[in-house]
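**Student:** Take 6 as the starting number for the sequence shown in the working numbering and just add one per residue.
Here a beta-carbon is modelled for each residue, glycine too, at the ideal position from N, C-alpha and C.
Have a look at the structure that comes next, please.
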Amino acid sequence: MKVLVVHRQEAVLDSITQQLAKWHVEIYNNGLDALLAARIEAFDLILCGKDLPVVTGIEMVRSLRNFGLNKLTPVILLADGTESEEHARIYQMLNVNLLTMTEIEEMKNLNIE
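Next up, the structure:
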C-alpha cells in the first residue's frame, strides 16, 4: 500500500511512519510539496494535517478532488479534535474522514499489516 503523509510536526510524521512501516510511505511537511507529489503519483491513502504551511490541508484536498490522479483516493485529515460544525460540513463536501491526534496516540500500539 502506498501512503502519502503530510504534517507540519516532525514527531507526528515519525510516529505515523513507524506505525505504517510495512507500507510504502512518502512524507512531506507542507501542503504544496505534497500536492505536487500527489499530482504526479497515485496513492492508495492520504493522511494530512489540517493546518499545513504554504497550502492548508483543506486547500490541498480540494485541489486533489478537482484534478489529478488522486481524485478518488481516500483522505484522512489529522486534526486536534476541536472541529466546528462548519468544519464537519466542509469535510463532508470534500469526502474526507477525520482522525484526531488523541486517536493517533491511542493507535501507537496497533500492529498494522
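1) Does the Cβ of Lys76 have 16 or more other Cβ atoms within 10 Å, making it buried, or fewer, making it exposed?
2) For Asp49, which residues from the same chain have a beta carbon less than 6 Å from its beta carbon, with the 5 sequence-adjacent residues on both sides left out?
3) Quick one: complete alpha helix (DSSP H) runs, 4+ long, within the segment 33-59?
4) With a threshold of 8 Å on Cβ separation, who are the neighbours of Arg13 within its own chain once the five nearest residues in sequence on each side are excluded?
5) Rank Val66, Glu90, Ala43 by C-alpha distance to the C-alpha of Val101 and give the top, closest one.
6) Short check: CB of Arg44 to CB of Gly73, under 8 Å?
7) Give me the DSSP bridge partner(s) of Leu83.
**Tutor:** Concretely, from the data shown:
1) Position 71 of the sequence shown, counted from the start, is the residue given in the question as residue 76. The residue in question, Lys76, is exposed, as its Cβ has fewer than 16 Cβ neighbours within 10 Å.
2) One-based indexing of the sequence shown puts residue 49 at position 44. Correct list, in chain order: Met6, Lys7.
3) Counting whole runs of 4 or more residues, the segment 33-59 contains the alpha helix (DSSP H) stretches 36-45.
4) Start at 1 with the first residue of the sequence shown, and residue 13 comes out as number 8. Excluding positions up to five away in sequence, the list reads Asn34, Asn35, Gly54, Asp56, Leu57, Pro58.
5) Along the sequence shown, read from residue 1 onward, the residue named residue 101 stands at position 96. The option with the nearest alpha carbon to Val101 is Val66.
6) Locating residue 44 in the sequence shown gives position 39, where the first residue counts as 1. Locating residue 73 in the sequence shown gives position 68, where the first residue counts as 1. Cβ atoms of Arg44 and Gly73: closer than 8 Å.
7) Mapped onto the sequence shown, residue 83 falls at position 78. Its beta-bridge partners are Gly54, Leu104.
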